[in-house]
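Here the structure is laid out as structure tokens; the discussion comes afterwards.
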Amino acid sequence: MSLPAPGPDRTAVVTGASSGIGAEIARELARRGHQVTLVARTVSKLQDLAAEITAAGGRADVIGADLSDRAARAQLLDRLTDLGLVPDILVNNAGLSTLGPVSRADPAAEMNMIEVDVVAVADLCTRFLPGMVDRGRGAVLNVASTAAFQPLPGQAGYGAGKAFVLSYTQSLAGELRGTGVTATTLCPGPVDTGFGEAAGFSKADAEEALPAVMWVGAAEVARAAVDGMAKGRLVVIPGRVNRLAAAVSQVTPRSLLLPVLARSHPGLRE
227 MSLPAPGPDR TAVVTGASSG IGAEIARELA RRGHQVTLVA RTVSKLQDLA
277 AEITAAGGRA DVIGADLSDR AARAQLLDRL TDLGLVPDIL VNNAGLSTLG
327 PVSRADPAAE MNMIEVDVVA VADLCTRFLP GMVDRGRGAV LNVASTAAFQ
377 PLPGQAGYGA GKAFVLSYTQ SLAGELRGTG VTATTLCPGP VDTGFGEAAG
427 FSKADAEEAL PAVMWVGAAE VARAAVDGMA KGRLVVIPGR VNRLAAAVSQ
477 VTPRSLLLPV LARSHPGLRE
């Protein structure tokens with residue numbers, strides 16, 4: 227297996243590319259010769275990244291879009307076509323989380339999270355995969371989390387959403403066998419990207435809840451992700467400790483695991 231070869235009209239679409247893992251995946255793909263299309267709400271940050279990639283000799287196009295907006299998602303493929311670009315690689319990286327118990331949650335915020343973390347992934351895969359299959363080449367990377375392997379009290383909707391992404395992408399991989407198109411799930415553990423702060427808990431709280439050996443840098447996560455796509459892997463979990471923790475969490479009885487997870491989660495502290 228390998229990634230589709232770069233070409234003058236071919237692009238790798240990366241959602242949530244304005245910062246963190248998404249930006250690093252875009253940089254990594256560009257370093258390997260792929261043109262990239264950067265998608266997010268914050269166009270100014272995308273333009274800065276596009277300028278950086280262009281200065282290094284690559285090509286990066288920018289599309290501003292709110293992926294919680296179904297109409298905006300529906301227009302994305304046509305906007306690429308208008309730029310003369312064929313999407314051979316799709317990276318569904320955009321995501322967010324809420325924090326705290328569901329009993330105190332804001333319904334609108336919960337539904338917005340599910341729209342971006344779950345519905346947008348299925349929506350864009352459904353729109354982009356037909357063309358990839360018709361061309362006989364393509365790669366999809368859907369970004370989940372090690373939270374996909376266990377319940378996550380304190381971030382119940384986020385954990386369940388990532389479990390959906392993992393199961394959905396593995397099912398896609400089964401459907402795509404023999405088509406020339408691959409589907410890979412990236413399941414990072416804790417990464418210092420500002421994601422936690424946006425969800426509502428401090429870096430100090432996150433570091434207290436998750437041991438230092440579990441933290442992996444965003445650039446390292448991106449390299450592992452692109453390597454995994456290139457090899458056609460089903461699941462990529464950066465970091466040996468995170469791979470071990472994911473395996474252990476899957477076999478630990480929930481009656482034992484849940485109290486430990488609830489006790490240690492910053493979102494459930496009074």
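The sequence shown begins at 227 in this note's numbering and counts up one residue at a time.
Cβ atoms here follow ideal geometry from the backbone N, Cα and C, with glycine treated the same way.
| Asked | Found |
| --- | --- |
| Residues near Gln381 by beta carbon distance below 8 Å, same chain, minus five either side | Ser323, Thr324, Leu325, Ala373, Ala425, His491, Gly493 |
| C-alpha distance - Pro234 paired with Ala471, whole-angstrom precision | 42 Å |
| Leu355 versus Arg480: straight-line alpha-carbon distance, rounded | 36 Å |
| Under 8 Å between C-beta atoms of Val467 and Glu250 | no |
| The segment 260 to 268 in contact with the segment 285 to 301 per 3-pair CB rule at 8 Å | yes |
| Whole-angstrom distance between Pro414 and Ala243, CA atom to CA atom | 16 Å |
| Straight-line Cα distance separating Asp308 from Gly454 | 30 Å |
| Proximity of Asp314 and Ala409 at Cβ, strictly below 8 Å | no |
| Extent of the continuous alpha helix (DSSP H) to which Gly542 belongs | The chain is shown only over 227 to 496; residue 542 falls outside these bounds and no answer can be derived. |
| Identity of the residue in Ala281, Ala297, Ala346, Met337 nearest Val240 by Cα | Ala346 |
| Beta-bridge partners of Gly387, as assigned by DSSP | BP columns for Gly387 are empty, so no partner. |
| Endpoints, the beta strand (DSSP E) within which Ile340 is located | Unbroken run through Ile340 is the alpha helix (DSSP H), 333 to 340; no beta strand (DSSP E). |
| Cβ pair Arg363, Gly310 closer than 8 Å | no |
| Where Val280 falls, given that 16 or more other Cβ within 10 Å makes a residue buried | The sequence as given places Thr at residue 280; Val does not occur at that position. Exposed, since its Cβ has fewer than 16 Cβ neighbours within 10 Å. |
| Residue from Ile247, Gly248, Ser245, Leu255 whose Cα sits closest to the Cα of Ala231 | Leu255 |
| Beta carbon of Leu460 nearer than 8 Å to that of Gln396 | yes |
| Bounding residues of the alpha helix (DSSP H) (the contiguous stretch that carries Leu412) | Leu412 -> not in any alpha helix (DSSP H); beta strand (DSSP E) instead, spanning 407 to 412. |
| Own chain, CB closer than 6 Å to Lys271, minus 5 neighbours either side, in chain order | Ser244 |
| Alpha-carbon to alpha-carbon, Arg495 and Gly404 | 49 Å |
| Close-in-space but distant-in-sequence residues of the same chain around Gly284 (CB under 6 Å, 5 per side omitted) | Ala256 |
| Continuous alpha helix (DSSP H) stretch holding Thr307: start and end | 296 to 308 |
| Exposure label - Leu482; buried when at least 16 CB within 10 Å | exposed |
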